[in-house]
Every structure is written in C-alpha cells, then in structure tokens.
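Asker: Take a look at the following structure, please.
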Amino acid sequence: MKQQAAICPVEAALSIVGGKWKLQIVYCLLNGTKRFGELRRLIPATTQQMLTLQLRELEQAGIISRLVYAQVPPKVEYSLTELGRSLEPIVHQMHAWGEWYCKQNDIEYWQLSDHMEGHVPM
C-alpha cells in the first residue's frame, strides 16, 4: 500500500474547493438541484467549458452528484451530496465575510437571490 505524504488540512480543503468557481457552484446548489443552464445563468462570468470542468472536478471529489436522464435532448441535474452539504456553514461564513468586506471597501456586490431575478448590485 502506497503511503501519501502528509499535507496541511487547509491545502487539502483548497485542493477540493479552491479556485474561482467551485464555491460559487456549491453556493448555487445550496438552494437545491440545478440544471447546467441554470448554473450558467447564475454564474454568467464563467465559460461553458470552465463550468463543465469545475462540475466534473466537484463530482470526482464527491461534492456534487450528477444525474443524467435518458431522454432526447439530454437532461442533466446537479445537486450537493452529503459531503457537499457539509460545506454549507463554511460557504455561508465566506458569503457573510465577503459582504462585510465589500461594505468596508465600498464595493458593489449582488445577492444570489437578486441575481436569480437579474443582476441587482447592492
């Protein structure tokens, strides 16, 4: 059996959810199952290719599940696994800190609930 080298727990966490889009994807899925097109609308700054890559990596890590329906055209839904749901308090804390930071630095930001109805800066 091959033994892995020890790593820092922060490094381990970032290897799973690090990057610009993964936590945003998790944040979007906290409200329930989403189809690919819904995620594209909720995260418009990402490209289709990047979103696909990030979803695959999150699925491989066990954070999200991907359900493919056998129909034409294909229908695919993404949802959080139990492991993915365990990120909820962390994501909410990061969201709250991000809001605080934006307010402290007079930076416009949007709420996901606002974004679902269109981009509404705060």
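With the first letter of the sequence shown counted as 1, position 89 gets the number 89 in the UniProt record's numbering; the numbers rise by one all the way through. Just so you know, even glycine gets a beta-carbon here, dropped at the ideal spot from N, CA and C.
1. Taking L30 as the reference, give the member of I7, D106, A45, S65 with the closest Cα.
2. Report the start-end ranges of each alpha helix (DSSP H) in the stretch 30-94 that is 4 residues or longer and not cut off at the edges.
3. Would DSSP call Q104 helix, strand or coil?
4. With burial defined as no fewer than 16 other Cβ atoms inside 10 Å of the residue's Cβ, what is the status of I107: buried or exposed?
5. Check whether the Cβ atoms of I7 and L58 sit closer than 8 Å, and answer yes or no.
6. Would you check if the distance between the CB atom of residue 123 and the CB atom of Q54 is smaller than 8 Å?
7. Going by DSSP in three states, Y27 sits in which element: helix, strand or coil?
8. Does the beta-carbon of V17 have 16 or more other beta-carbons within 10 angstroms, so that it is buried, or is it exposed?
9. May I have the straight-line CA-CA distance separating L80 from V68, to the nearest angstrom?
Answerer: Looking at the atomic coordinates:
1. S65
2. 36-42, 48-60, 82-85
3. helix
4. exposed
5. no
6. Given a span of 1 to 122 for the chain in the structure shown, any question on residue 123 remains unanswerable.
7. helix
8. buried
9. 15 Å
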